[in-house]
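Reading through the structure tokens given below for one structure.
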Amino acid sequence: MHADRFGNVLSNIKQVLGRSQSIMIMISDPVDPDCVAAALALHWMLTRQHKEIMIVSRYRIPATMLDFPNIWRVQLYETSLPDFSSFDALVLVDGATWSQFLGRDWENVLSKLDLSRVINIDHHMPEEIQAAVPRTCLNMLLSSTVQVLYECFVKPEKMRLPVDIAEVLYRALLYDSRNFKNEMHPGEYEFAEMLIAHGANHERAVDVNLDRNEVSFMVWAVEKTEFIADLSLSLLCLSSVRQQELEALLGANWSEFNSLYKETILRQVKGFHYGIILQENSSSGSVRLSWRTRNYGKHLSVAEIARRAGFKAGGHRNAGGGSFQGSMADARAGLLNEFRRALAATGENMRIT
Ligand SMILES: [Mn+2]
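Heads up, the sequence shown is in the working numbering, so the first residue is 1353 and it goes up one at a time.
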């Protein structure tokens, strides 16, 4: 974001917040530590200014996040809608597309919103929200949305954070940076250092205990993963039948337990730079895409390849998602075909290294 435009956006946002008394903060899908911590930090900042704040999610809180500090502040509106008209401003944190916030019926919800009161604070590749509300879309390609809050509000205003806010911000930073394994953004360590100085407990934050279901998912999924060596790609196709197997094994919320698999198989296997999951959605006749790419080395953009194969795709360069309207077989064939073409175009020998 250009410095001038950035200054304008920040002052526009401060104006909207300044004249608002009641403010709704919406967290994004997937519900993760970054969007929740960003919402909690904003809640703290704005309550200090005597605003009335409500934090809303249109998406279920995953089981793995139920013990997140102060998660109870998030009010769930999965099937009903909050009364948007009773809020002066709506702040959308940690997402770039409407459906990530407004729910599956997002088009209907969006038509009822007054866009002049919508604010977006995010660190993903800018998408449709930025196009719709450019004046109040604060988008910086930093480690996390919580770092955007730090750079724009906490640091310039020299805010003294309470320990519980420092704690959740630190957890969010560790989550979005994968414990500093992702690409390093300017100010990222300084942000971490500040949070430690404000009382964030590093030992506790990294003392992660995996849910056993994460291990079960991983064991199940590794056997089904295709390692396509000539494309440097691993692929897990979750057909409806396989999803039924997972449901029998892990329960209805099986999809919440894939992070160990994603972290180890989609990132860490030598020679496999691209990790892809395709998931059939038979009720909508579509296929959901999720990918991870290595941060180190020059790699193709999975989002671009997926778009060429007919997917709608976005996110970060090295981690993202998308969807394809059509069958699993077509999604798979189209994607692999475009990968083959893109790799051939680079002229590189795709030996496993
Ligand atoms: Mn994030």
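The beta-carbon is built from N, C-alpha and C at its ideal position, and this holds for glycine as well. Computed from a prediction, not measured in an experiment: that's the story for all the values here.
Which partner residues does Asn1491 have in the DSSP bridge list? Asp1474
With a cut-off of 8 Å, do at least 3 Cβ pairs link the region 1383-1399 to the region 1501-1513? yes
Using a Cβ-Cβ cut-off of 6 Å (strictly less than) and excluding sequence neighbours within five positions of Ala1694, which residues of its own chain qualify? Leu1652, Ile1657
Report yes if the C-beta distance between Val1485 and Ile1377 is below 8 Å; otherwise report no. no
Could you check if His1475 belongs to the surroundings of ligand 1, using beta carbon to heavy atom distance under 7 Å? yes
DSSP state of Ala1665, grouped into three classes? strand
Helix, strand or coil at Val1443 [DSSP, three-state]: strand
Nearer than 7 Å: is that true of the beta carbon of Thr1497 relative to any heavy atom of ligand 1? yes
Determine whether the beta carbon atoms of Ser1451 and Trp1458 lie at a separation below 8 Å. yes
Which of helix, strand or coil DSSP assigns to Tyr1626: strand
Do you know offhand how far Ala1697's Cα is from Met1536's? 29 Å
How big is the Cα-Cα spacing for Thr1705 and Phe1609? Residue confidence for Thr1705 is low, a pLDDT of 40 falling below 50, so the modelled location carries little weight; the figure read from the coordinates is stated next. Their backbone Cα atoms lie some 30 Å apart in a straight line.
Identify the residues that DSSP records as bridge partners of Met1406: which are they? Met1376
Which residues DSSP lists as bridging Ala1671, in chain order: Arg1644
Counterpart residues of Val1426 in DSSP-defined beta bridges: Ile1407
Quick one, which of Ile1407, Ser1437, Pro1385 has its alpha-carbon nearest Ala1415's? Pro1385
Just to confirm before moving on: does the CB-CB distance between Met1417 and Val1470 stay below 8 Å? no
Quick check on Lys1366: buried or exposed, where buried means 16 or more other Cβ atoms within 10 Å of its Cβ? exposed
Going by DSSP in three states, Glu1503 sits in which element: helix, strand or coil? helix
For Ile1580, which residues does DSSP report across the bridge? Leu1585
Taking the alpha-carbon positions, what's the Ala1390 to Ala1573 distance? 32 Å
Taking 7 Å as the cut-off, is the CB of Asp1386 close to at least one heavy atom of ligand 1? yes
Outcome for Thr1431 when other beta-carbon atoms lying within 10 angstroms are tallied against a minimum of 16: exposed
So for Leu1394, helix, strand or coil by DSSP? helix
Which of helix, strand or coil does DSSP assign to Met1702? In this prediction, Met1702 has a pLDDT of 48, which is less than 50 and means its spatial position is unreliable; nothing more can be read from the coordinates.
Alpha carbons only, please: which of Met1511, Val1368, Ser1638 is nearest the one belonging to Ser1592? Ser1638
Can you tell me whether DSSP reads Glu1540 as helix, strand or coil? helix
Alpha-carbon to alpha-carbon, Val1408 and Val1361: 24 Å
By the 10 Å Cβ neighbour count, where 16 or more other Cβ atoms means buried, how is Ser1437 classified, buried or exposed? exposed
Kindly indicate which residue of Ile1617, Thr1399, Phe1358, Cys1387 has the alpha-carbon position closest to the one of Gly1370. Thr1399
Since I believe Val1500 is in contact with Met1492 (beta carbons under 8 Å), could you give me their beta-carbon distance rounded to a whole number of angstroms? 5 Å
Give the DSSP-derived three-state secondary structure of Glu1479 in the structure shown. coil
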